[in-house]
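As given, the protein sequences belong to chains A and W, one line each in that order. Counting from 1, one number per residue, gives the positions in the first sequence under our numbering. Counting from 131, one number per residue, gives the positions in the second sequence under our numbering. Virtual Cβ for every residue (Gly too), placed ideally from N, Cα, C.
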Amino acid sequence: MIRYWPALVSVLLSVAAIAGYTTLLRVPSIRNHPELYLVAFAVAAVIAGAATWRAARWPNFVALALSAVLLILGGYFNFVLAKIPPASSVLRVGEPAPDFTLPDASGAPVSLASFRERTPVVLVFYRGAW
Amino acid sequence: MTELGDQGVQIIAISPDPNEKSQELAQKLRARYRFLADRDLAVTRRYGLLHAHGGHKGQDVARPTTIVLDRHGIVRWLQLADSIQIRPDPTDVARAVRQLPQ
């Protein structure tokens, strides 16, 4: 078993990358760098690939297959599924934000203009919790 | 984000979520947010922030965006996400707010 430590390291690295990213999702520096888990999967694949090259045994193949699948799925998610197509926002730094009126939680209408000359505003558009 | 409330800034969060749902979220986060419901995404669309079919059921959603307006309603800082994984870092937003002209 001892000779399969590179395969073991490879699998542990992949598992740690997934566990780390999901548990630290609330930490902005982790959340906003999803490429980090791809780097981990790639390193895991290189380790498993080297181990397979040296000894074509099943534990090495399993580690290689696992890291390769994770790398492909993770890459597909990051670069294809998660991408937002570019669109032309009307917002320009230095220009006024268009006014709007929307209902708040109690149903009362709130207009952006009502904050003007009173307080700065942080406007957050989010996808919704569904 | 709660520290922003202490700086005398109004945080307005806009989504197509119905109001009851947003209120639940606000209580869960104990956030000083004012949640506004843009049910038909009309404002989101007017701002050019629509992510068509971006929802997990293929429904239209908003592109995650954070905008800092000074007290005259002028855009001073802006972060448009190019991936649904990205969320604004509260530290960056707080910095942008601190740098607003008084």
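Contact with chain W by residue i, beta-carbon distance below 8 Å
| i | result |
| --- | --- |
| residue 54 (chain A) | no |
| residue 80 (chain A) | no |
| residue 87 (chain A) | yes |
| residue 93 (chain A) | yes |
| residue 105 (chain A) | yes |
| residue 100 (chain A) | yes |
| residue 84 (chain A) | yes |
| residue 90 (chain A) | yes |
| residue 59 (chain A) | no |
| residue 40 (chain A) | no |
| residue 68 (chain A) | no |
| residue 44 (chain A) | no |
Delimiting residues of the alpha helix (DSSP H) encompassing residue i
| i | result |
| --- | --- |
| residue 68 (chain A) | 58-76 |
| residue 21 (chain A) | 5-23 |
| residue 41 (chain A) | 35-54 |
| residue 225 (chain W) | 220-228 |
| residue 217 (chain W) | Residue 217 (chain W) -> no alpha helix (DSSP H), and no H or E assigned at all. |
| residue 30 (chain A) | 28-31 |
Beta carbon proximity, residue i to chain A, threshold 8 Å
| i | result |
| --- | --- |
| residue 219 (chain W) | yes |
| residue 188 (chain W) | no |
| residue 229 (chain W) | no |
| residue 206 (chain W) | yes |
| residue 170 (chain W) | no |
| residue 175 (chain W) | no |
Presumed contact (8 Å Cβ cut-off) between residue i and residue j, rounded CB distance
| i | j | result |
| --- | --- | --- |
| residue 111 (chain A) | residue 99 (chain A) | 6 Å |
| residue 192 (chain W) | residue 171 (chain W) | 7 Å |
| residue 37 (chain A) | residue 74 (chain A) | 6 Å |
| residue 120 (chain A) | residue 199 (chain W) | 6 Å |
| residue 71 (chain W) | residue 102 (chain A) | The structure shown does not extend to residue 71 (chain W), since chain W is modelled only from 131 through 232, so no value can be given for it. |
Residue i beta carbon near the ligand PLP (any heavy atom closer than 7 Å)
| i | result |
| --- | --- |
| residue 214 (chain W) | Absence of the ligand PLP from the depicted structure is noted, as is the absence of any ligand whatsoever, leaving it without description. |
Endpoints, beta strand (DSSP E) assigned at residue i
| i | result |
| --- | --- |
| residue 174 (chain W) | Here residue 174 (chain W) belongs to no beta strand (DSSP E); instead the alpha helix (DSSP H) covers 172-176. |
| residue 144 (chain W) | 140-145 |
| residue 109 (chain A) | 109-111 |
| residue 167 (chain W) | 163-167 |
| residue 197 (chain W) | 195-199 |
| residue 208 (chain W) | 205-210 |
| residue 125 (chain A) | 121-125 |
| residue 102 (chain A) | 101-103 |
Within chain D, the residues that residue i reaches when beta carbons sit closer than 9 Å
| i | result |
| --- | --- |
| residue 164 (chain W) | As a matter of chain content, chain D is missing from the structure shown, whose protein chains are A and W. |
Exercise. Between the stretch 4-36 of chain A and chain W, which residues of the former have CB atoms less than 7 Å from a CB of the latter, in chain order?
Worked result: Listed by position along the chain: 28, 31, 32 and 34.
Problem set entry | Meets three-Cβ-pair contact criterion under 8 Å: the stretch 82-91 of chain A and the stretch 203-220 of chain W | yes
Problem set entry | Cβ contact check for the stretch 26-33 of chain A and the stretch 41-60 of chain A: 3 or more pairs under 8 Å | Counting Cβ pairs under 8 Å, fewer than three are found: no touch.
Exercise. Relative to chain A, which residues along the stretch 191-204 of chain W have a C-beta separation below 9 Å, given in chain order?
Worked result: 191, 192, 193, 194, 195, 196, 197, 198, 199, 200, 201, 202, 203 and 204
Exercise. Pairing CB atoms from the stretch 41-48 of chain A with CB atoms from the stretch 65-77 of chain A, are three or more of them under 8 Å?
Worked result: yes
For this session: Name, going along the chain, the residues of the stretch 110-129 of chain A whose beta-carbon falls closer than 8 Å to a beta-carbon of chain W.
Result: 110, 112, 113, 115, 116, 117, 118, 119, 120, 121, 122, 123, 124, 125, 126, 127, 128 and 129
Exercise. Does the stretch 195-207 of chain W come close enough to the stretch 111-125 of chain A that 3 or more CB-CB pairs lie under 8 Å?
Worked result: Per the Cβ contact rule, the stretch 111-125 of chain A is in contact with the stretch 195-207 of chain W (3 or more Cβ pairs under 8 Å).
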